[in-house]
Structure formats: structure tokens, C-alpha cells
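Notes follow the structure.
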Amino acid sequence: MLEVAPDSPLRQATLEVERHVADSGWDQPPRLFALVHTAELLAAQPDLADQLGDPDGYTPVEQDGVPADRTVEDVLPTLMWPDTVHGCAVAVERVMLPPSAQAGLPEDPDELLRAVAEHPERQEVRIVAAVLRDGSAHTTVRGREPEDAPLLEGPDLVPGLVELLNASMS
């Protein structure tokens with residue numbers, strides 16, 4: 018039986034980012050979001066009340082794109098968020114292999130990329146990872162195929178990405 022992650026404002030913000038990014042389709046560049054308390058945003062801009070969700074939650078605010086000449090893994094550790102940002106999220110597309118397919122992969126980075134791209138068991142996925150300043154995290158992973166692929170979610174599905182996001186919040 019599949020367990021659903023407990024609901025929380027962070028989970029809802031992560032799901033909102035996933036829906037927003039999914040609306041743009043696949044083959045998207047990495048996208049970065051600040052998470053701000055909705056109540057604080059409403060206090061500063063009350064005219065947004067009919068556009069924003071639960072005041073006890075977080076509103077994702079998309080940031081300028083990740084520079085094309087750098088990976089998201091290189092950019093995240095260099096970010097500094099202002100105190101008004103209570104968390105952050107990133108959406109990235111990656112190619113994953115099942116654990117059984119990882120044995121015997123080449124160590125050379127160029128050869129590894131080629132081997133993964135050509136591997137018959139590769140799976141293209143969209144990952145959305147989000148963290149708060151208190152260290153809590155939520156992650157979603159959706160496969161590109163089949164078209165109605167289920168959304169997997171939990172706090173630690175992609176721990177390396179969560180770790181990078183947490184580092185950007187400190």
C-alpha cells in the first residue's frame with residue numbers, strides 16, 4: 018500500500034510548484050522559487066487576496082532563471098536568501114536509472130552521460146524539491162512516461178538536492 022506524505026504547508030507549496038512547472042510541459046530549464054509566508058505577502062499586498070491561497074501557507078515566487086552556463090548544483094550553494102524568504106524550491110529534469118542498472122557504469126563524466134542517455138532502462142523525471150529554514154523538506158518526482166505517471170512524494174526522495182537547498186538557506 019502506498020503511503021501519502023502527511024499534509025503540511027510545505028507539501029502544499031511543493032505540489033503547487035510541481036503543478037505550475039508541469040503546466041509548461043517537459044524540456045524546461047531548472048526553475049527556482051522563493052517560498053514566502055502567504056500572510057506576510059497579503060499584509061504587504063492586500064490586493065492579492067483573491068489570487069493567493071491559505072494565509073497560513075507559503076506562496077512560491079518564481080525567481081529569475083538559473084544561468085544557462087551553470088548547473089543548478091553549482092548555483093544553489095552561491096545563493097543568499099533575504100530574511101523575508103522562509104524557504105525555497107527548485108524544479109529540475111533529470112534522467113534516472115534503476116539501482117540494478119547502475120553497476121558497471123563508466124566513471125568518466127562524458128562516457129557516463131552517453132551511457133545513461135543510451136540506457137534502455139533510463140527514465141526521464143521532473144523533480145521538485147523544497148525546504149524551509151527549519152530544515153524541513155518535501156520532494157516530488159514524476160516520470161515523463163507514461164503520460165499519467167504517478168507523482169511520488171516524500172521528504173527525502175532526492176537527499177542531495179535537499180542538502181543543496183538547505184545550504185542555500187543558511
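The sequence shown maps to residues 18 to 187 in the working numbering.
No residue lacks a Cβ here, since even glycine has one placed at the ideal position from N, Cα and C.
Once the 5 residues before and after residue i are set aside, which same chain residues still bring their CB inside 8 Å of it?
i    : result
L129 : L122 and P123
By the 10 Å Cβ neighbour count, where 16 or more other Cβ atoms means buried, how is residue i classified, buried or exposed?
i    : result
G42  : exposed
R28  : buried
G104 : buried
M97  : exposed
P126 : exposed
A134 : exposed
S185 : buried
V270 : Because residue 270 is not part of the residues shown, which for the chain are 18 to 187, the question remains open.
L65  : exposed
T31  : buried
Is residue j closer than 8 Å to residue i when the C-beta atoms are compared?
i    : j    : result
L52  : A147 : yes
Q80  : L49  : yes
E189 : L181 : Here the chain has residues from 18 to 187 only, and residue 189 is not among them.
Excluding sequence positions up to five away, which residues of its chain have a Cβ less than 6 Å from the Cβ of residue i?
i    : result
T76  : V53, T55, L58 and L69
L178 : A146
Please classify residue i: does DSSP put it in a helix, a strand, or coil?
i    : result
P116 : helix
R87  : coil
L169 : strand
H155 : strand
From the DSSP output, read off the bridge partner residues of residue i.
i    : result
P77  : L52
A60  : BP columns for A60 are empty, so no partner.
G160 : V142
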